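Counting in the numbering used here, the sequence shown tops out at residue 359, every number present.
For reference, the structure is listed below as structure tokens.
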Amino acid sequence: MVRKAGLKITGTNVVRWGLIGSGDFAQLYAKIFNGLPNVNLVSIYSRTEENARKAAEEYGIPRWYTNYELLLKSDDVEAVAVVNNELYHHGPVIAALKADKHVVVEKPIAPNLREADEMIAASKKTEKLFLVAHILPFHTNYAMAKAEIDNGAVGEICSVYARRNAPARWGAEIQKRSSAIYDEMIHDMECILWFTNNKFRIKKVYAQTKNVRGLLKPDICWAMFTFDNGMIVTLEANWFLPDNTPYTSAMDSRMEIHGSKGVIYIDLGSQGLSINDENGWRTPDTTWWPEKLGRIEGALGDEIRYFADFVMAGKAPAGIGDPKRARDALEIVLAAEKSAETAQIIEL
Numbered sequence: 012m013v014r015k016a017g018l019k020i021t022g023t024n025v026v027r028w029g030l031i032g033s034g035d036f037a038q039l040y041a042k043i044f045n046g047l048p049n050v051n052l053v054s055i056y057s058r059t060e061e062n063a064r065k066a067a068e069e070y071g072i073p074r075w076y077t078n079y080e081l082l083l084k085s086d087d088v089e090a091v092a093v094v095n096n097e098l099y100h101h102g103p104v105i106a107a108l109k110a111d112k113h114v115v116v117e118k119p120i121a122p123n124l125r126e127a128d129e130m131i132a133a134s135k136k137t138e139k140l141f142l143v144a145h146i147l148p149f150h151t152n153y154a155m156a157k158a159e160i161d162n163g164a165v166g167e168i169c170s171v172y173a174r175r176n177a178p179a180r181w182g183a184e185i186q187k188r189s190s191a192i193y194d195e196m197i198h199d200m201e202c203i204l205w206f207t208n209n210k211f212r213i214k215k216v217y218a219q220t221k222n223v224r225g226l227l228k229p230d231i232c233w234a235m236f237t238f239d240n241g242m243i244v245t246l247e248a249n250w251f252l253p254d255n256t257p258y259t260s261a262m263d264s265r266m267e268i269h270g271s272k273g274v275i276y277i278d279l280g281s282q283g284l285s286i287n288d289e290n291g292w293r294t295p296d297t298t299w300w301p302e303k304l305g306r307i308e309g310a311l312g313d314e315i316r317y318f319a320d321f322v323m324a325g326k327a328p329a330g331i332g333d334p335k336r337a338r339d340a341l342e343i344v345l346a347a348e349k350s351a352e353t354a355q356i357i358e359l
């Protein structure tokens, strides 16, 4: 651990946070935290000393650690954001809850149901908040769709189609550890459970995948889900668009929600901004986590600000960040992975 002089001055309206992780997404959290008046980012953890030190220096974080247990022992830390590789969420989440810290963990909640259930069980033994960060409820299009659904605009939801497709270059690193079913479909599934207030249970799933490039996990994934109310959901998640596809940090994300009274279309294939220069076309992200006037805005900025406000208040937001729903979404996509691996319909 290295100590740096000059902790930010804190008051009763500031929560002192620790950050678990130093990768690209964790650094987005750090940038957003540093712009929030009710957050003092005091510590960061990384398994690698060099990464921990670099991130601490870049974002003005007073202390860095290569042992998260030491970070959590500090009385300076009141809440933690767990934004490391999802395969390693379990240890720091459990330790943080046992240390009586508020916890926000990035999606997916865990790589398996056992770890997810253990985290949820640990959270019930403390009065601190345990929130799972799924981003779609904070995107304006999905949030407005939810409001229309709640107001009865489409009636009973009968079917949903969604896709989340990205250039092949995006998946090359992720596919060393997880599939697009687990990493991408879980976004849309958690959102659909949110749209329906988690009222319906999955009955069966059938999925197919195709591995074109010979990586550890498949490039092309399709799945069909049937719920106990008869609702049919079809999800597509591919990391196989051509590498010259103009998406930089956006992707081809779409959703169609068909109800008994109407239909809702969400189309994020175009971000409303395209640039053609000497390197060709590109479509920058304008809605997920764009940087504007030195601040990270968009859905991610709104999400972290929202969670920080509720941690400050010490009460859970209604229906947002629900660990049970995150766990249910995980169960469903894991069943889809099993279906793809066995070429069988999986009943739950």
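For every residue, glycine included, the Cβ atom is placed at its ideal position computed from N, Cα and C.
This structure is a prediction, so every number in the text was calculated from the model and none was measured.
For residue j and residue i, the rounded distance between their alpha carbons
i: residue 339; j: residue 146; result: 16 Å
i: residue 99; j: residue 273; result: 42 Å
i: residue 230; j: residue 196; result: 13 Å
i: residue 16; j: residue 131; result: In this prediction, residue 16 scores a pLDDT of 30, lower than 50, which makes its location untrustworthy; no coordinate-derived value is stated.
i: residue 277; j: residue 191; result: 20 Å
i: residue 302; j: residue 309; result: 8 Å
i: residue 74; j: residue 129; result: 29 Å
i: residue 263; j: residue 285; result: 14 Å
i: residue 249; j: residue 34; result: 23 Å
i: residue 64; j: residue 58; result: 11 Å
i: residue 188; j: residue 345; result: 14 Å
i: residue 194; j: residue 119; result: 7 Å
i: residue 93; j: residue 107; result: 9 Å
i: residue 353; j: residue 207; result: 29 Å
i: residue 326; j: residue 181; result: 37 Å
i: residue 218; j: residue 153; result: 25 Å
Burial state of residue i, where buried means 16 or more other Cβ atoms lie within 10 Å
i: residue 244; result: buried
i: residue 356; result: exposed
i: residue 314; result: buried
i: residue 165; result: buried
i: residue 144; result: buried
i: residue 117; result: buried
Reduced DSSP category for residue i - H, G, I as helix; E, B as strand; rest coil
i: residue 350; result: helix
i: residue 334; result: helix
i: residue 14; result: Residue confidence is low: residue 14 scores 36 on pLDDT, short of 50, so the model does not pin down where it sits. No coordinate-derived value is stated.
i: residue 159; result: helix
i: residue 130; result: helix
i: residue 152; result: helix
i: residue 322; result: helix
i: residue 30; result: strand
i: residue 344; result: helix
i: residue 234; result: strand
Pair within 8 Å by beta-carbon distance, residue i and residue j
i: residue 199; j: residue 266; result: yes
i: residue 140; j: residue 322; result: yes
i: residue 90; j: residue 109; result: no
i: residue 156; j: residue 268; result: yes
i: residue 169; j: residue 46; result: no
i: residue 160; j: residue 95; result: no
i: residue 88; j: residue 27; result: yes
i: residue 341; j: residue 121; result: yes
CB contact below 8 Å: residue i versus chain C
i: residue 40; result: No chain C appears in the structure shown, which is made up of a single protein chain.
In chain order, which continuous runs of the beta strand (DSSP E) of length 3 or greater are located wholly inside the region 45 to 122? 50 to 56, 74 to 76, 90 to 93 and 113 to 117
Contiguous beta strand (DSSP E) assignments of at least 3 residues, all confined to the region 167 to 225: 168 to 178 and 213 to 221
Contiguous beta strand (DSSP E) assignments of at least 3 residues, all confined to the region 262 to 314: 263 to 270, 274 to 278, 286 to 288 and 291 to 293
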